[in-house]
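A.B. asks: Under our numbering, the residue at position 15 of the sequence shown is numbered 927, and the numbers go up by one with no gaps. We treat Cβ as the ideally placed atom computed from N, Cα and C, and that holds for glycine. Bear in mind the structure is a predicted one, so any value in this text is a computation, not a measurement. The structure under discussion is supplied below as C-alpha cells; questions concerning it will follow.
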Amino acid sequence: MHTQGKTDIPQRIRSWKAECVSNDLSYKDVIESVSMNYDSVINAMNSALKGNNSALSDSKMRELEKGLTLFIIKKNL
913 MHTQGKTDIP
923 QRIRSWKAEC
933 VSNDLSYKDV
943 IESVSMNYDS
953 VINAMNSALK
963 GNNSALSDSK
973 MRELEKGLTL
983 FIIKKNL
C-alpha cells in the first residue's frame, strides 16, 4: 500500500480501520504502538475522510499501516 498517493488516503484510512476491526484490535492500541497521539490521529483521519487529504500525510499513513501489520503479527505469535 505504500506506493499509493495522497488521493488514496481516505480509502487507505477505511481499509486500515476495517483491518483493525476484523482483527479485533482497538484503534488506540495500534496508534499508540507506533508512538503517535491517538486524539491527533483520529482527528486527522476524520478530517481526511471529509475531504482534507492534507490532514494526514502519506508517511504517517504508511507508518500506521506498518504498525497495524506488526501488531497483527505480534498478536498471532
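Classify A930: buried if its beta carbon has 16 or more other beta carbons within 10 angstroms, exposed otherwise.
C.D. replies: That one is exposed.
A.B. asks: In the DSSP assignment, the alpha helix (DSSP H) including G963 goes from what residue to what residue?
C.D. replies: Segment: none, G963 is in no alpha helix (DSSP H) and carries neither H nor E.
A.B. asks: State the DSSP-derived secondary structure class of S945, mapped to helix, strand or coil.
C.D. replies: Reduced to three states, the DSSP call for S945 is helix.
A.B. asks: I need the boundaries of the alpha helix (DSSP H) containing L982, first residue and last residue.
C.D. replies: 970-987 is the extent of the alpha helix (DSSP H) around L982.
A.B. asks: Suppose the cutoff is 8 Å on Cβ atoms and the five residues either side in sequence are ignored; what does the same chain contact list for E944 look like?
C.D. replies: Once the five neighbours on either side are set aside, the close Cβ partners of E944 are Y950.
A.B. asks: Could you tell me the boundaries of the alpha helix (DSSP H) in which S927 lies?
C.D. replies: Looking at the DSSP string, the run of the alpha helix (DSSP H) that includes S927 is 921-934.
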